[in-house]
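> This structure is in C-alpha cells; I'll ask about it shortly.
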Amino acid sequence: MKATATANSNIALIKYWGKRNSKLILPHNSSISMTLDKLHTTTTVDFSEKYKQDSLTIDGSKVPVDELERVSIQLDLVRRAASTHLKAKVVSESNFPKSAGLASSASAFAALSLSASKALDLHFDNRELSILARQGSGSASRSIHGGFVEWSKGTKDDGSDSYGKQIAPQSHWSSLAMVVNVVTPKEKKIKSRAGMSQTVKNSPLYKAWLETVDADLDNARKAIADKNFSLIGKTAEMNALKMHCTMITTEPHIIYWEPDSVVLMKEVMRLREDGIECYFTMDGGPQVKVLCLEKDAKKIQKRMLGFKEVKESIICHTGGEAKLEKKDLF
Ligand code: PMV
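Start counting the sequence shown at 3; every next residue gets the next number (this note's numbering).
Here it is as C-alpha cells:
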C-alpha cells in the first residue's frame, strides 16, 4: 500500500486562466503546455491502518494539519475509488521552489495522483490519471504526460471530457529550450485559485481573453506540429501578456510581476533586437521563462545571470511523462 512517483512540471504556452466549475476544476478555456525535464516532484504515499490521520511532509518540513486539506481531498478521491478509509502518510520533494509561479502544484498533484492510485492498486490509464490530477490542480492534468500537452476544456458537466492529451512526444522538438529564471524563490501572496476566480468575476478584459484564446490554441497546435519557432514564440508571449492583463485589471489588482520581472521581459525584447530570437512567458508569479532555440540557450542564460536580480537560471528541454519509482522516500 505504498508507492512512489515522479512528475515533471509544465509551463503553459497557451494559459489556463478561469474555471467554469471550481469544485471539479473545469476551465473556461483549453490550454497547451510544454512538460519540462529539469523541474520535478517525487512523492511517496503510504496507506496504512497505523496512521490515525493523513500527514504531509514537503521538502523535509511537516505541513500543519490545517494546510493539509487540499491533499486530503485528493486522497479522498483515490480512497473512494478503492473503497477504503485508510489514512496516508505523504512525503514529497521538489527540486525547485514551490508556489512561486513555477507550476509546482502541477508536478506535485500529478506525482500524488500517480503514487496514491498505485499504492491502492488502482490501474488508471492516462486519461483517468489526468482527470484525477486535474481535480487537485488544473495544470497537473497536463503533467501526467511528457512532451507537448493539450488540456481540453471539455463541455460535459461531470468533467469526463476535460483532461490532458499529448499532442507531440518528448522527442518531437529537441532543438527547443526554455530558460527558467528565478527572480525570487518566495511563495506568492495570491494563489492561482483565488486570482482566477476574482478575474472571472470582475476583470472587464476577461471576455476578450476568452474570445481570442481559440485562435492562440490553433496557432500553437500548428506551430508545434510544424516546429515553427517564431509562431510558437510570438503566440505564447502574447498569450501570457493577455492573461496578465486580465489579472491586472481585476479589483483589487493582481500584479504578479516584480520590478525585476519587467527588467527581464525588456531584456528578452533587447535580445531579439540583437538578433537572438527568444520569447518570454510568465505565470502566477514573478519568474520569467524564456522560450528559445537550444543553440541560443546558454547565451540567453548568461545574459539573464548578468542581472543581480536573477537568483537562479535553469535551462530546460521537453520532459517525459509521470512515472513510478522503485525507490521510496521513506
Ligand atoms: O493549476 P493552477 O491552479 O496551478 O493554475 C495554473 C495557472 C497558470 O500557471 C497561470 C497557467 C497555466 O495554464 O499553467
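Beta carbons are placed, not taken as given, at the ideal position from N, Cα and C, and that holds for glycine.
Owing to the predicted nature of the structure, the values given are computational and were not obtained by experimental measurement.
With a threshold of 7 Å on Cβ separation, who are the neighbours of residue 12 within its own chain once the five nearest residues in sequence on each side are excluded?
Here the question's residue 12 lines up with position 10 in the sequence shown. If we look at residue 12 and ignore the five residues flanking it on each side, its Cβ neighbours are 35, 36, 37, 38, 105, 108, 141, 144, 145, 151.
> Based on Cα-Cα distance, which residue from 279, 313, 287, 285 lies nearest to residue 297?
The residue you call residue 297 lines up with position 295 of the sequence shown. Out of 279, 313, 287, 285, 279 has the C-alpha closest to the C-alpha of residue 297.
> Cβ of residue 53 within 7 Å of any heavy atom in the ligand PMV?
Sequence index remark: in the sequence shown, residue 53 carries index 51 (1-based). For the ligand PMV, not one heavy atom lies less than 7 Å from the Cβ of residue 53.
> Which of the three DSSP states, helix, strand or coil, is assigned to residue 29?
The residue you call residue 29 lines up with position 27 of the sequence shown. It is a strand residue.
> Between 24, 92, 3, 6, which has its C-alpha nearest residue 2's C-alpha?
In this structure the chain extends from 3 to 332, so residue 2 is not present and cannot be described.
> Using only the heavy atoms of the ligand PMV, determine whether one of them is closer than 7 Å to the beta carbon of residue 218.
The residue given as residue 218 occupies position 216 in the sequence shown. False, no ligand heavy atom lies under 7 Å from that Cβ.
> Please list, following the chain, all residues that have a C-beta closer than 5 Å to any non-hydrogen atom of the ligand PMV.
Here the list is 14, 17, 18, 33, 107, 139, 140, 141, 194, 285, 286.
> Report the residue from 180, 134, 21 whose alpha carbon sits nearest the alpha carbon of residue 234.
What you label residue 234 is simply residue 232 of the sequence shown in a count that begins at 1. Closest option to residue 234, Cα to Cα, is 180.
> Between the alpha carbons of residue 134 and residue 33, how many angstroms are there, rounded?
Your numbering for residue 134 matches position 132 in the sequence shown. Your numbering for residue 33 matches position 31 in the sequence shown. Their Cα atoms are separated by approximately 17 Å.
> Using the three-state DSSP reduction, which class does residue 9 fall into: helix, strand or coil?
Sequence index remark: in the sequence shown, residue 9 carries index 7 (1-based). Three-state result, residue 9: strand.
> Take the Cβ of residue 121 as the centre, count every other Cβ of all protein chains shown within 10 Å, and call the residue buried at 16 or more, exposed below.
For this step, residue 121 is matched to residue 119 along the sequence shown. Per the 10 Å Cβ criterion, buried.
> Spell out the partners DSSP gives residue 327 in its beta bridges.
The count along the sequence shown starts at 1 and reaches residue 327 at position 325. BP columns for residue 327 point to 6.
> Return the chain-ordered list of same chain residues with a C-beta closer than 7 Å to the C-beta of residue 219, the five sequence neighbours on each side being excluded.
On the sequence shown, position 217 is the one that residue 219 refers to. Within the same chain, residue 219 has close Cβ partners 16, 32, 34.
> Going by DSSP in three states, residue 205 sits in which element: helix, strand or coil?
Residue mapping note: residue 205 aligns to position 203 of the sequence shown, counting from 1. Looking at residue 205 - three-state DSSP - the assignment turns out to be coil, as it is neither helix nor strand.
> Is the stretch 83–97 in contact with the stretch 41–52, if contact means three or more CB pairs nearer than 8 Å?
At 8 Å Cβ cutoff, the stretches touch.
> DSSP puts residue 36 in a beta bridge; with which residues?
By 1-based counting over the sequence shown, the position of residue 36 is 34. Residue 36 pairs with 13, 150.
> Mind checking which residues open and close the beta strand (DSSP E) that includes residue 95?
Counting from 1 along the sequence shown, the entry for residue 95 is found at position 93. Run containing residue 95: 89–96, per the beta strand (DSSP E) assignment.
> Residue 228: buried (16+ other C-beta within 10 angstroms of its C-beta) or exposed?
The count along the sequence shown starts at 1 and reaches residue 228 at position 226. The residue in question, residue 228, is exposed, as its Cβ has fewer than 16 Cβ neighbours within 10 Å.
> Determine the burial state of residue 257: buried for a count of at least 16 other Cβ atoms within 10 Å of its Cβ, exposed for fewer.
The residue you call residue 257 lines up with position 255 of the sequence shown. That one is exposed.
> Give the DSSP-derived three-state secondary structure of residue 180 in the structure shown.
Reading the sequence shown from its first residue, position 178 is the one you call residue 180. The answer is strand: DSSP assigns residue 180 an E or B state.
> From which residue to which residue does the alpha helix (DSSP H) around residue 117 run?
To locate residue 117, count along the sequence shown from 1; it is residue 115. 106–121 is the extent of the alpha helix (DSSP H) around residue 117.
> Opposite residue 23 in the DSSP bridges: which residues?
Reading the sequence shown from its first residue, position 21 is the one you call residue 23. According to DSSP, residue 23 bridges with 28.
> Using 10 angstroms around the beta-carbon of residue 213, count the other beta-carbons present and answer buried if the total reaches 16, otherwise exposed.
Working through the sequence shown from its first residue, we reach residue 213 at position 211. Result: exposed.
> Report the residue ranges of all beta strand (DSSP E) runs contained in full by the stretch 278–311; include only those spanning at least 3 residues, in chain order.
If we require 3 residues or more, the beta strand (DSSP E) runs fully inside the stretch 278–311 come out as 280–283, 290–295.
> Taking residue 131 as part of the alpha helix (DSSP H), name the residues at either end of that continuous run.
For this step, residue 131 is matched to residue 129 along the sequence shown. Here the alpha helix (DSSP H) through residue 131 covers 128–136.
> What ranges does the alpha helix (DSSP H) occupy inside the stretch 43–74, keeping only unbroken runs of at least 4 residues that lie completely in it?
Whole alpha helix (DSSP H) segments, 4+ residues: zero.
> Look up residue 317 in the DSSP assignment and give the residues it is bridged to.
Residue numbering aside, residue 317 sits at position 315 when the sequence shown is read from its first letter. Paired residue(s): 181.
> What are the boundary residues of the alpha helix (DSSP H) that includes residue 169?
Mapped onto the sequence shown, residue 169 falls at position 167. Premise fails: residue 169 lies in the beta strand (DSSP E), 166–170, not in any alpha helix (DSSP H).
> Just to confirm the assignment, what range does the alpha helix (DSSP H) spanning residue 143 have?
Mapped onto the sequence shown, residue 143 falls at position 141. Element bounds for residue 143: 142–145.
> In three-state terms, what does DSSP make of residue 124?
By one-based count along the sequence shown, residue 124 stands at place 122. Residue 124 falls in the coil class under three-state DSSP.
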